[in-house]
Amino acid sequence: MKVVTYSHLRANLAKIMDQAADDHDPVIVTRANGKAAVLLSLEDFGSYEETRYLNASPANAKALEESIAELDRGEGISFGSLEELEAFVEKAVSERQDAAE
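The sequence shown runs -6 to 94 under our numbering.
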């Protein structure tokens, strides 16, 4: 993570903004007599916000952790194409609907 002073940021704003966006690496901006801040791309900010939202629910956070653990154990499912994924989801939804009836 890059750290720059406020003065350096002001002198190089466009370049540093481009680097933060292109590298997906937040930039910490320090000030001599003030609180530091973080500069990050809009795309990365959206990702942080989505993660924060998904983890706001303890049940959802636990389900995400369990899913990640399954993937780490090699228990994930791979699809060769979007069509294969869509067929898998369609079948799963149909089976759940049949079970509910």
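For each residue, glycine too, the CB sits at the ideal point set by N, CA and C. The model shown is predicted, which means the values in this text are computed figures rather than measured ones.
Residue i: CB within 6 Å of a non-hydrogen atom of the ligand ZN
| i | result |
| --- | --- |
| K55 | With respect to the ligand ZN, the structure shown offers nothing to examine, as it has no ligands at all. |
Three-state secondary structure (DSSP) of residue i
| i | result |
| --- | --- |
| L33 | coil |
| G27 | strand |
| E83 | helix |
Exposed unless 16 or more other CB atoms sit within 10 angstroms - verdict on residue i
| i | result |
| --- | --- |
| V86 | exposed |
| S74 | exposed |
| S34 | buried |
Distance between beta carbons of residue j and residue i, contact taken as under 8 Å
| i | j | result |
| --- | --- | --- |
| A13 | V20 | 5 Å |
| I9 | L32 | 7 Å |
| A54 | N48 | 4 Å |
| E76 | G69 | About 19 Å separates the two Cβ atoms, so there is no contact after all. |
Boundaries (first-last residue) of the beta strand (DSSP E) holding residue i
| i | result |
| --- | --- |
| R66 | Run containing R66: none; DSSP gives neither H nor E here. |
Residue range of the alpha helix (DSSP H) that includes residue i
| i | result |
| --- | --- |
| M(-6) | Where M(-6) is concerned, there is no enclosing alpha helix (DSSP H), given that its DSSP letter is neither H nor E. |
| S74 | Looking at the DSSP string, S74 is not in any alpha helix (DSSP H), and its letter there is neither H nor E. |
| S50 | It is not in any alpha helix (DSSP H) - S50 carries neither H nor E in the DSSP assignment. |
Fully enclosed by the segment -1 to 28, which alpha helix (DSSP H) runs are 4 residues long or longer?
-1 to 4 and 6 to 16
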